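Before any comments, here is the structure.
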Amino acid sequence: NIPEGTIEYTKFWEDVREKCLDGFTNSVGISITGQHFFYLNFCRILRNDEKINKKSVGFPKFVDLDYDWFWIVDTAKKNQKNVSCVKGRRQGYSYKAGAIITHEYTFFRESRSIIGAFLSNYSEGTMGFVIDNCNFLNGNTEFKKQRNPDTQVYFKSSYQINVGGVKVRKGYMSSVECMTFKDKPGAAIGKSATWLVLDEAGVFPNIIQAYGYSEPLIKDGNIYTGCCLMFGSAGSMEGGTQHFYDIFI
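Mapped onto our numbering, the consecutive letters of the sequence shown carry residue numbers -13 to 235.
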């Protein structure tokens, strides 16, 4: 209820931005990462509503699984590691990955994030969560960003102005792209990324080749400048799951 344009309003959003970046510690000393804080407060998911005994869109609950996941991701990123996670079904990992990508897009200039999967409906599904998050931010927060271009498979935080009759593109210049590796494991060759998400790894029969081609996206020489999040549940034991197992070990 703080009026826009006031000092209190500005301080409120500055404080929220700081928590989204640095994390938050509650009154009993439990700390969460900035990405987890962002997920809990600004990402809406399809969740079970006990009051009406049906699913509805709302903010995530605080659960131990998410607490562990976001700390693992934070530790991996800071120590130049990737994350390979074998998970159960219906645990919201695509929502969590969407939150991480949205967080990067929102708070880091010129960042690039890529969401990939063997089948396009998996990568585009996670991309849809990112778009939903960005739409929520644009309609309800001071973290809004104009998107141009703005498609279901690629968008960038930029806008055009006219300077002396010449079109000039300005803005945050962060971007998100999704792609399929089904017929082309080298689909991401030539790109770069801060976050590389490989979704539904259990049904990703060419995941070893896809990661091999894509690893340079998150490296500069021998240094990891980005992080790969690879997760999935069991699929075909003779197909994708076997290859996911080989990577996992």
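No residue lacks a Cβ here, since even glycine has one placed at the ideal position from N, Cα and C. Computed from a prediction, not measured in an experiment: that's the story for all the values here.
Under the assumption that residue i contacts residue j (Cβ atoms under 8 Å), give the Cβ distance between them as a whole number of angstroms.
i	j	result
F93	L7	6 Å
C71	F217	4 Å
N148	P171	Not really, about 42 Å apart at Cβ, beyond 8 Å.
A179	I58	About 19 Å; that fails the 8 Å criterion.
Specify the secondary structure class of residue i as computed by DSSP and reduced to three states.
i	result
C29	coil
I16	coil
A179	coil
V152	strand
E(-6)	helix
F270	With the chain running from -13 to 235 in the structure shown, residue 270 is simply not present.
E36	coil
T144	Rather than Thr, the amino acid found at residue 144 in this sequence is Ser. Three-state result, S144: coil.
L215	strand
E96	coil
F122	helix
I204	helix
L105	coil
V59	helix
Measure the alpha-carbon distance for residue i versus residue j and round it to whole angstroms.
i	j	result
Y81	G151	43 Å
Q66	S200	16 Å
A103	N(-13)	42 Å
E186	S219	7 Å
T112	G84	6 Å
R56	G78	Per the sequence shown, residue 56 should be read as Phe rather than Arg. Those two C-alpha atoms are separated by around 13 Å.
R76	R33	10 Å
R155	L105	33 Å
Q132	E(-10)	20 Å
D169	S109	14 Å
R30	L215	21 Å
N107	E4	35 Å
R98	Y91	7 Å
L184	D206	20 Å
K73	F10	26 Å
F124	I194	Strictly speaking, residue 124 in this sequence is Asn, with Phe absent from that position. Rounded to the nearest angstrom, the two C-alpha atoms are 37 Å apart.
V2	M159	22 Å
N12	F(-2)	17 Å
N208	S144	31 Å
K86	T(-8)	With the sequence shown as reference, residue 86 is identified as Ile, and Lys is not the correct amino acid for it. Approximately 30 Å, taken between the alpha carbons.
C120	F28	9 Å
E(-6)	N134	32 Å
E36	L51	20 Å
L26	K41	17 Å
G188	K153	45 Å
I16	Q146	44 Å
With distance defined between alpha-carbon atoms, name the residue in the options nearest to residue i.
i	options	result
T19	E0, I(-7), T61	T61
D232	Y197, G207, C213	Y197
F190	T180, R30, Q228	Q228
V139	N68, V116, E186	V116
T88	K156, F129, K153	F129
Y53	E36, F24, A174	F24
Y210	I194, L182, F234	L182
D136	D118, S178, G78, K170	D118
A174	N107, P202, G114	P202
V49	N39, G9, H22	H22
G157	F28, V2, E96, I(-7)	E96
K63	F234, S17, C213	C213
N68	F230, I204, D1	I204
N(-4)	K142, E36, T127	The residue asked about is misnamed: residue -4 is Thr in this sequence, not Asn. Nearest option by C-alpha distance: T127.
F141	G114, G125, N12	G114
Would you say the region 151 to 165 touches the region 39 to 47, given that touching needs at least three Cβ pairs under 8 Å? With the cut-off at 8 Å, the region 151 to 165 and the region 39 to 47 do not touch.
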